[in-house]
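Chains as they are written, first to last, in the working numbering: chain A, 1 to 200; chain B, 1001 to 1200. Following: one structure in structure tokens, then a few remarks.
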């Protein structure tokens, strides 16, 4: 990946993370102002005070600015499911992993809220977001298989875990609510799922 | 919709449903033989012994041959959630609706299996399938809202219900298993979700 390659140049190490963050900030601003579909890579680079070439060193296209964190989140979830205590049940292993991932990734509520509004406004981005969540569920199910969990338990636990995660995320970015701790919201949503499942 | 319009011509009433079924059969055959992306509408119509014009009276494009049942399934699920006994909990209302829908729609295992293999082989079709399932979950959640179920319970119940449905469907089309009753598989998957959720 180009991002890794440029870290061979010591002088670039310092500015590279900053240029990436500037590109993300510029893209979010522009997508919010004029819509995702009406924004070009040249405009994003221009707003960030960088070149298009620099943009493409960090992102494959303008869509990836919004989804670049997804793979790292997936890796973290897979690692956390694998490392969950042996006695954890499948849903708990997934929920604990998503709680950890959320705590690491969702530290800027305003950013997440603006990103979500941009995605909600565009069909292609909504599809991409769904595919990412589906991929996250599949990765979590595969991590459960490696813990010896069979089917259909692994898929049920992974998909329910993702539902818990989405609900927690929606509540976390809800403008009508004061900011709450993401991990706490995951635990509450899981408790709600348990209660729903307990009532026949 | 054109399908409805042509039923004004009494002579056409008899062959219209048959031409639709012939188009679906021809499309499934061709997608299976040469792949979805390598099949044209002209070829589907030709194999069915019909014209392209007839094809477009029934389907907007070659993709819709695979997804045309989705809206009817969604309507049935929404209606069944609305009509569930007052005392049914949210997950039960959704699961019972999906059980009913599955029983009505999944009566031809060989057809469903071939359709699923075609979808699995094409990224665009996989995305479309995910979007349909997402739309089904959203419609079920909205039907729960109308029953007075709040958030996040409605979303958790709808999404978990869809996970139960997917698992039941995967088991139903599994070639290594003798054919089982779809409704029974939904009930078993729901019982498995309950058991998973009960274990902390």
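Yeah, the Cβ is synthetic: ideal placement off N, Cα and C, and Gly gets one too.
First and last residue of the uninterrupted alpha helix (DSSP H) at residue i
| i | result |
| --- | --- |
| residue 199/A | It is not in any alpha helix (DSSP H) - residue 199/A carries neither H nor E in the DSSP assignment. |
| residue 1075/B | 1069-1082 |
| residue 62/A | First-last for residue 62/A: undefined, no H or E at that position. |
| residue 171/A | 153-173 |
| residue 1045/B | 1041-1048 |
| residue 110/A | 109-120 |
| residue 1103/B | 1090-1105 |
| residue 129/A | 123-146 |
Buried/exposed call for residue i, threshold 16 Cβ in 10 Å
| i | result |
| --- | --- |
| residue 35/A | exposed |
| residue 184/A | exposed |
| residue 1142/B | exposed |
| residue 1096/B | buried |
| residue 1199/B | exposed |
| residue 1152/B | buried |
| residue 1074/B | buried |
| residue 1202/B | Residue 1202/B lies beyond the residue range present for chain B, which begins at 1001 and ends at 1200; the question has no answer from this structure. |
| residue 40/A | exposed |
| residue 48/A | buried |
| residue 60/A | exposed |
| residue 958/B | Residue 958/B falls outside the range modelled here, since chain B spans only 1001 to 1200, and no answer is possible. |
Cutoff 6 Å; reference residue i; Cβ partners in own chain excluding five residues on either side
| i | result |
| --- | --- |
| residue 1050/B | 1019 |
| residue 70/A | 132 |
| residue 1192/B | none |
| residue 203/A | Chain A is shown only over 1 to 200; residue 203/A falls outside these bounds and no answer can be derived. |
| residue 111/A | none |
CB contact check: residue i to chain B, cutoff 9 Å
| i | result |
| --- | --- |
| residue 85/A | no |
| residue 58/A | no |
| residue 89/A | yes |
| residue 145/A | no |
| residue 171/A | yes |
| residue 108/A | no |
| residue 159/A | yes |
| residue 166/A | yes |
| residue 71/A | no |
| residue 176/A | no |
| residue 197/A | yes |
| residue 163/A | yes |
| residue 92/A | yes |
| residue 66/A | no |
| residue 76/A | no |
Contact under 9 Å by Cβ, residue i with residue j
| i | j | result |
| --- | --- | --- |
| residue 182/A | residue 54/A | no |
| residue 1157/B | residue 1089/B | yes |
| residue 1147/B | residue 1042/B | no |
| residue 1187/B | residue 1099/B | yes |
| residue 1094/B | residue 1077/B | yes |
| residue 32/A | residue 118/A | yes |
| residue 1113/B | residue 1162/B | no |
| residue 1159/B | residue 135/A | no |
| residue 1202/B | residue 1062/B | It is not possible to answer for residue 1202/B, since the shown part of chain B is limited to 1001 through 1200. |
| residue 105/A | residue 139/A | no |
| residue 1101/B | residue 1120/B | no |
| residue 179/A | residue 109/A | yes |
| residue 196/A | residue 1197/B | yes |
C-beta neighbour in chain A for residue i, strict 9 Å
| i | result |
| --- | --- |
| residue 1193/B | yes |
| residue 1008/B | Low per-residue confidence applies at residue 1008/B: pLDDT is 41, beneath 50, and the placement is therefore not dependable, though the value from the model is reported in the following sentence. No, because no Cβ of chain A sits closer than 9 Å to the Cβ of residue 1008/B. |
| residue 1153/B | yes |
| residue 1125/B | no |
| residue 1156/B | yes |
| residue 1004/B | Its pLDDT being 37, under 50, residue 1004/B is placed unreliably by the model, and nothing is read from it. |
| residue 1011/B | Residue confidence for residue 1011/B is low, a pLDDT of 43 falling below 50, so the modelled location carries little weight and cannot support an answer. |
| residue 1112/B | no |
| residue 1136/B | no |
| residue 1100/B | no |
| residue 1028/B | no |
Own chain partners of residue i with C-beta closer than 8 Å, once the 5 adjacent residues on each side are dropped
| i | result |
| --- | --- |
| residue 67/A | 128, 129 and 132 |
| residue 177/A | 171 |
| residue 84/A | 92, 93, 96, 97 and 147 |
| residue 1009/B | The pLDDT assigned to residue 1009/B is 43, lower than 50, so where the model puts this residue is not dependable; a value taken from the coordinates is nonetheless given after this. Excluding positions up to five away in sequence, the list is empty. |
| residue 1149/B | 1090 and 1157 |
| residue 1125/B | 1036, 1063, 1066, 1118 and 1119 |
| residue 175/A | 113 |
Same chain, Cβ closer than 7 Å to residue i, five either side skipped, listed in chain order
| i | result |
| --- | --- |
| residue 5/A | In this prediction, residue 5/A scores a pLDDT of 36, lower than 50, which makes its location untrustworthy; the coordinate-derived value is nonetheless stated afterwards. There are no such residues. |
| residue 189/A | 164, 167 and 168 |
| residue 1092/B | none |
| residue 1024/B | 1065 |
| residue 30/A | 39, 43, 44 and 47 |
| residue 52/A | 41, 42 and 45 |
Proximity test, residue i beta-carbon vs the ligand FAD heavy atom, cut-off 8 Å
| i | result |
| --- | --- |
| residue 30/A | Absent from the structure shown: the ligand FAD. Ligands present: none. |
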